[in-house]
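Chemist: If you use my numbering, the sequence shown corresponds to residues 15 to 228, in order.
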Amino acid sequence: MSIAIDGPSGAGKSTIAKALAKKLNIAYVDTGAMYRALAYAFIDMGDPKDYHQALEKMQLKISPEGIYYKDKLLSDELRTSQVSKRASELSKEPAIRAYLLDYQRKLASDQDVVMEGRDIGTVVLKDAKVKFFLTASDQIRARRRYQQNLEKGIQIPLDQVEKDLKERDDRDRTRSLAPLKQAEDAIVIDNSDLTLEETVEKMAAIVEVKNGTL
């Protein structure tokens, strides 16, 4: 069983997808982290222009524990404004998307997964059994990202966070390759007024109906 979760930045996709996967006792795959890891590596490599050559030299390792670069487990490094912006830019590149697409589909073919990103239901897992489009108001998403940054010791003004989110949304929605959009058969979940637990319970109930059992 594959569950696809798409949506804009700051909608809580990673946290919710991880919690939903835990509740359903299936694997969780964060495709956004994969792009951010590539972005982190590209920045570290001096932003090479030859993508194919750079990917061949990429010292990335994706494992159940997380993503390693040069044998270092990446964590907060993937959430900086610079890395997020570069990840959005790289996601427009056919070579980058092709590099990750096969791997992502293989993960879903080998096991039951909750996979989240921006084009999971529309491109990566078109045949996913359940598709969600997770969203929230611009203000709520900005406040959530702002709070996440504070908890990690990252000081970015709230108005700048909201500006960055809107710019990221615009880039993702207008890119020619696999733009961010709701799949026609996706179920929209607006969690502006929902807690994490309420959102997960609501989505799990939908999965139960779609799949017949948890």
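Just so it is clear, CB atoms sit at the ideal spot from N, CA and C, and this is done for glycine as well.
Computed from a predicted structure; not experimentally measured.
For the alpha helix (DSSP H) containing Thr45, name the first residue and the last one.
Modeler: Per DSSP, the unbroken alpha helix (DSSP H) holding Thr45 starts and ends at 45 to 58.
Chemist: Note down the Cα distance separating Ala53 from Thr45, rounded to an integer number of angstroms.
Modeler: Straight through space, the alpha carbons of Thr45 and Ala53 are spaced by roughly 13 Å.
Chemist: I'd like to check one pair, Ala18 with Met129: are the Cβ atoms closer than 8 Å?
Modeler: yes
Chemist: Would you be able to state if there are at least three C-beta pairs under 8 Å between the region 18 to 33 and the region 74 to 81?
Modeler: no
Chemist: How far does the beta strand (DSSP E) with Leu148 in it extend, from its first residue to its last?
Modeler: 144 to 149
Chemist: Is the beta carbon of Leu92 sitting closer than 8 Å to the one on Ala47?
Modeler: yes
Chemist: Name the DSSP beta bridge partners of Gly131, please?
Modeler: DSSP, once it has assigned bridges, lists Asp20 as partnering Gly131.
Chemist: Would you mind giving the Cβ-Cβ distance between Ile9 and Thr213, rounded to the nearest angstrom? I have them listed as a contact below 8 Å.
Modeler: Since the first residue of the chain shown is 15 and the last is 228, residue 9 is not available in this structure.
Chemist: For the alpha helix (DSSP H) that contains Val223, what are its first and last residues?
Modeler: 210 to 225 is the extent of the alpha helix (DSSP H) around Val223.
Chemist: Any contact between the region 204 to 223 and the region 132 to 142? By contact I mean 3 or more CB pairs, one from each, below 8 Å.
Modeler: no
Chemist: Leaving out the 5 sequence neighbours to the left and right, which residues in its chain are closer than 6 Å to Ala192 when beta-carbon positions are compared?
Modeler: Counting only residues of its own chain and dropping the five nearest sequence neighbours on each side, Ala192 has a CB closer than 6 Å to the CB of Asp133, Val137.
Chemist: Going by DSSP, what residue range makes up the beta strand (DSSP E) through Ile110?
Modeler: No beta strand (DSSP E) holds Ile110; the alpha helix (DSSP H) holding it covers 108 to 124.
Chemist: Where do the ends of the alpha helix (DSSP H) carrying Ile234 lie?
Modeler: Given a span of 15 to 228 for the chain in the structure shown, any question on residue 234 remains unanswerable.
Chemist: Is it buried or exposed for Lys71, if we count other Cβ within 10 angstroms and need 16 for buried?
Modeler: When all chains shown are included, Lys71 counts as exposed.
Chemist: Runs of 3 residues minimum, wholly inside the region 70 to 97: which ones carry the beta strand (DSSP E) assignment?
Modeler: 74 to 77, 80 to 83
Chemist: How is Ile201 classed by DSSP in three states: helix, strand or coil?
Modeler: strand
Chemist: I need the DSSP call for Ala33, collapsed to helix, strand or coil.
Modeler: helix
Chemist: Alpha carbon to alpha carbon, how far is Asn225 from Asp64? Give it in angstroms, no decimals.
Modeler: 44 Å
Chemist: Measuring only the C-alpha atoms, how far is Lys140 from Lys180?
Modeler: 26 Å
Chemist: Using DSSP's beta-bridge definition, name the partner residues of Tyr42.
Modeler: Val128
Chemist: Taking DSSP as the reference, what is the three-state secondary structure of Arg13?
Modeler: The requested residue 13 does not occur in the structure, where the chain is confined to residues 15 to 228.
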